[in-house]
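Asker: Questions regarding the structure given below will be posed in turn.
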Amino acid sequence: MNSFYALLLVLSIPEIWTHTRLAEDHDFQRLLRSEALPPITILVPAYNEQATITTSITAALALEYRHYEVVVVNDGSRDETIDVLRHAFELYEIPRTYPEQIKTNSLRALYRSRTEPRLLVIDKDNGGKADALNAALNASRFPLVIAVDADTLIEPDALPRLTRPFLLGREIAAVGGTVRVANGCLVQKGRVVDARVPRHFLPGVQVVEYLRAFLFGRLGWNRLGGNLIISGAFGLFRKDHVLAIGGYQTSSLVEDLDLVVRLHRYLLGRKVPYEIPFIPDPVAWTEVPETMTVLARQRERWHRGLVAATWTYKGMLFNPKYGRVGMIAVPFYTFGEMLAPVVEVFGYIITAFGLSIGAVNVSFAGMFVLVAWGYGMLLSLWAVVLEEVSFRRYGRPGDLLRLLFYATLENFGYRQCTVWWRLRAFFSVWKYRHVWGDMTRRGFEAVRE
Amino acid sequence: MTSRHLLAIVALGQAVLFTALIILITLNRWFRLRRSAEQRPHKVALDHAMARWATGQIPVGTVVSGLGQLPTPLIVDELVTWSTKVSEDRWRELTSALQHPWWAKIIRSNSSSARWWKRLETARFLSVVAMPADTARVLRLLRDHHPAVHIAAAATLERVDNTALATAALERLPTLAPTVSAYYAGMLVRSRPFVVQQLLKLLGRTNDPALPRFAEFAARLKEPALRGPLTALGSHPDGEVRTQVARALGGYRHPESFPALATLAADSAWPVRAQAVRSLGILADPSSLPIVRVALRDAEWWVRLRAALALTRFGSAGRNALLEADIGPSANARQMAHLILGFSADALTEFAA
């Protein structure tokens, strides 16, 4: 598993070089003035987001982009989300004017804003995140759609950066951007004005995790041609393709993975030329869990989704019809990502059993475990190196030291916890049809310690 | 060697690599800070010199020698930034002066570099300081296989009126995504007379599979000379060509546009009908009101939506048509009129955009 990540790391180096070069191109001002930028609809599903909704929607409405609209869907929140929106943006009710291309749960009302003409708010019965995204998709007017979580802050220049592959004229079906951890950062008026690495261990170690996942995990997959995940918190899609596959799957536990796998299946099945790249310089910031309970719930849910998705799309496994996706990506996600916690726990059990019966030498086993952990530690450290030589968001020496500290300690305790949470997903996968991750939000302005 | 030895060697290797990575991170940060501290004074001095030269207080030579103090990426960034702030005649003076410095010659010679980012640098450099002698280089960059390079090179066309370059840009059109084609259209403004002449020929090639792209591009220019050939394509067998024609005619308030749009509003393909009705709404000529009213009863939802939105542009006559439809016999028209009449003026403007 770690060796495959090492391969991804090697593959990500030319990718990050290319993207750093393109990202440094200051001709963006010229592109921002041109009419070449495709119009975009930002889809924001919201469920119990009263703490962060105003900040994140204000941020979404202040993006440096010419043609875009924001469609917020309140998915039957049990808190005051819709009232917060109503007051913050002076909403008034309007009739529905578009066809229901994808069936969703009943809409209660549609609202426009007196202060923000780009904003459309849909209030609907609870149906889960995928259902909310489908409702937003129905209401969207533009050919590109970007799904953004309501607890996510998009950087002001993220949209033009995200549309760069479209401007470069490639056959793009979807593009993913980087998601970074907002905890510990200074947020003002919906913008991260000072990027910091959190002082608390739990959110801090997730910064390294996110760097590793995005900076070399997904960049490496660009070279292998099989990006299976475009983050649900920040991904741009061609609407016609999404509509052609029936939108988001309401029965799926992780709608982002499910959508991208179905897109691959649809486009490869029809021999439509396409790319689903990940580009690292457009950034969205998200609030990550700060308690073990919430983090455990989140990771268990993610893994449940992965287990369910690999089962649902087992027909793509080693199927040459689906090219590199079928032959490399799906097998990796099945045997590498999905079964990784089983293999790791099995390894721990076998080692413990061997030790107890004296079949395994204690010092050898200890050294073996340390070497295995050291491998993981080096990979995390490489992620910090990539960050340092490319985008350098964390400028202070103190932040760099904290990153190194978390990268070093991630493998001792934290990793084993995530393995356990992911393992639990195997037992609960058939039990839950839960589609919104419950997370206690503190609000962006309060996220900094 | 036992497995224990092997593990020890691996552990040692990891420790060495770990230390090396820490050193790499530290050195990288140190070098970066040092380099930026070294470059900052030169950049500040250059900005100051540029500002003074732009107002005629110092000769251009000072700016050229200031540029020579910077690394190539910063030179290019500075030139691109200042090219929009300095008057055209003054910029021409700098452009001439930038033919001779050794560093400018190196940047120019990178137009044939094997590394795409070097070619991109040259394309960006030439996009603001290209001279007639650079035509062959820009031509090569315009035909570059790397999209970032040819898009940067296309920016040269914004400043330079050159038929060879404009022809090369037009040759690329059929292969460009619509977004990039729109970008090219913006860049080709200066070469407009030549581009129009070329498009007149291209629009005559009715069997060319690239015709929809040329029609789309011609529509963006809104050039009176192109109206006739575009109108003639209204009966083309390819539905996409007809859609582009329907879109283009919305930009021409000409007596011949209305009968052509009336025909297209009755087309068998609904995207053509929707586009034609939208264009009739943009032109908002009273004579076309009955056609739009008929379109409000179309079987296709999108055509009805476009028709209803178009009617809102016809003033009181259009509003009356919507009010009549709201209580009329056609269920389709009634539903759409009801929805559109429910909009506030702000929402309607925003929705119709």
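Protein sequences, first through last, are from chains A and B. The first sequence begins at 1323 in the numbering used here and counts up by one. The second sequence begins at 17 in the numbering used here and counts up by one. We put the CB at the ideal spot given by N, CA and C, even for glycine.
1) Can you tell me whether DSSP reads F1600 of chain A as helix, strand or coil?
2) Specify whether the stretch 1612-1626 of chain A and the stretch 1566-1573 of chain A touch according to this definition: at least 3 beta carbon pairs, one from each stretch, less than 8 Å apart.
3) Compute the beta-carbon to beta-carbon distance between F330 of chain B and L305 of chain B, rounded to the nearest angstrom, for a pair I have assumed lies under 8 Å.
4) Can the beta-carbon of G358 of chain B be found closer than 8 Å to that of P1417 of chain A?
5) Taking 7 Å as the cut-off, does the CB of F1640 of chain A come closer than this to any heavy atom belonging to the ligand ADP?
6) When DSSP labels each residue in this structure, what does L1508 of chain A get in the three-state scheme?
7) Between which two residues does the alpha helix (DSSP H) holding E1531 of chain A run?
8) Kindly list, in the order they appear in chain A, the residues whose Cβ is closer than 7 Å to that of G358 of chain B.
9) Is it true that the CB of W1743 of chain A sits closer than 8 Å to the CB of A1555 of chain A?
10) Decide if the stretch 1505-1525 of chain A is in contact with the stretch 1583-1602 of chain A; the criterion is three or more beta carbon pairs, one per stretch, under 8 Å apart.
11) Do the CB positions of Y1390 of chain A and T1419 of chain A come within less than 8 Å of each other?
12) The alpha helix (DSSP H) spanning F1690 of chain A covers which residue range?
13) What residues in the stretch 1550-1571 of chain A bring their beta carbon closer than 9 Å to a beta carbon of chain B?
14) Name the residues in the stretch 1687-1701 of chain A whose C-beta lies less than 9 Å from a C-beta of chain B; which are they?
15) How about A1382 of chain A and I1444 of chain A: are their beta carbons less than 8 Å apart?
16) Does any CB atom of chain A fall closer than 8 Å to the CB of P163 of chain B?
17) Can you check DSSP and say which residues form a bridge with K1446 of chain A?
18) Is the beta carbon of A326 of chain B closer than 8 Å to that of A396 of chain B?
19) Use the C-beta contact count for T191 of chain B: other C-beta atoms within 10 angstroms, 16 or more gives buried, fewer gives exposed.
20) Say whether chain B places a C-beta atom closer than 8 Å to the C-beta of L1703 of chain A.
21) Relative to the C-alpha of R1388 of chain A, which candidate in A:F1464, A:T1437 and A:E1666 has its C-alpha closest?
22) Can you tell me the Cβ-Cβ gap for V1530 of chain A and A1328 of chain A, rounded? I've got them flagged as a contact below 8 Å.
23) Could you say if the stretch 1697-1712 of chain A and the stretch 1659-1674 of chain A meet the contact criterion of at least three C-beta pairs nearer than 8 Å?
24) Below 8 Å on the Cβ atoms is my guess for L1432 of chain A versus E1415 of chain A; work out the distance and round it to an integer in Å.
25) State yes or no: is the beta carbon of I38 of chain B nearer than 8 Å to at least one beta carbon in chain A?
26) Report, in whole angstroms, the separation of the C-beta atoms of I1468 of chain A and L1558 of chain A, which I expect to be a contact under 8 Å.
27) Report yes if the C-beta distance between A1368 of chain A and V1393 of chain A is below 8 Å; otherwise report no.
28) Does the Cβ of D314 of chain B have 16 or more other Cβ atoms within 10 Å, making it buried, or fewer, making it exposed?
29) Considering just the uninterrupted stretch of the beta strand (DSSP E) at P1611 of chain A, what are its terminal residues?
30) Below 8 Å on the Cβ atoms is my contact criterion, and I expect G82 of chain B with L62 of chain B to pass it. Report the Cβ-Cβ distance as a whole number of Å.
31) Which residue marks the beginning of the alpha helix (DSSP H) containing Y1670 of chain A, and which one marks its end?
32) Does the beta carbon of V1497 of chain A sit closer than 8 Å to a beta carbon anywhere in chain B?
33) Leaving out the 5 sequence neighbours to the left and right, which residues in its chain are closer than 6 Å to A241 of chain B when beta-carbon positions are compared?
34) Can you check whether the CB of A182 of chain B is closer than 8 Å to the CB of S207 of chain B?
35) Name, in chain order, the residues that DSSP records as bridge partners for R1418 of chain A.
36) S128 of chain B: buried (16+ other C-beta within 10 angstroms of its C-beta) or exposed?
Answerer: Here's the rundown:
1) strand
2) no
3) 6 Å
4) yes
5) The ligand content of the structure shown is nil, which means the ligand ADP is not present either.
6) strand
7) F1523 to L1533
8) I1416 and P1417
9) no
10) no
11) no
12) V1684 to V1711
13) none
14) M1689, F1690, L1692, V1693, G1696, Y1697, M1699 and L1700
15) no
16) yes
17) A:D1397 and A:L1429
18) A question about residue 396 of chain B goes unanswered here, because the residues of chain B that appear run from 17 up to 369.
19) exposed
20) yes
21) A:F1464
22) With 8 Å as the limit, V1530 of chain A and A1328 of chain A do not qualify as a contact, their Cβ atoms being about 17 Å apart.
23) no
24) 7 Å
25) yes
26) 5 Å
27) no
28) buried
29) No beta strand (DSSP E) contains P1611 of chain A, which DSSP labels as neither H nor E.
30) 4 Å
31) A1662 to S1678
32) no
33) V212
34) yes
35) Paired residue(s): none; R1418 of chain A is not in a bridge.
36) exposed
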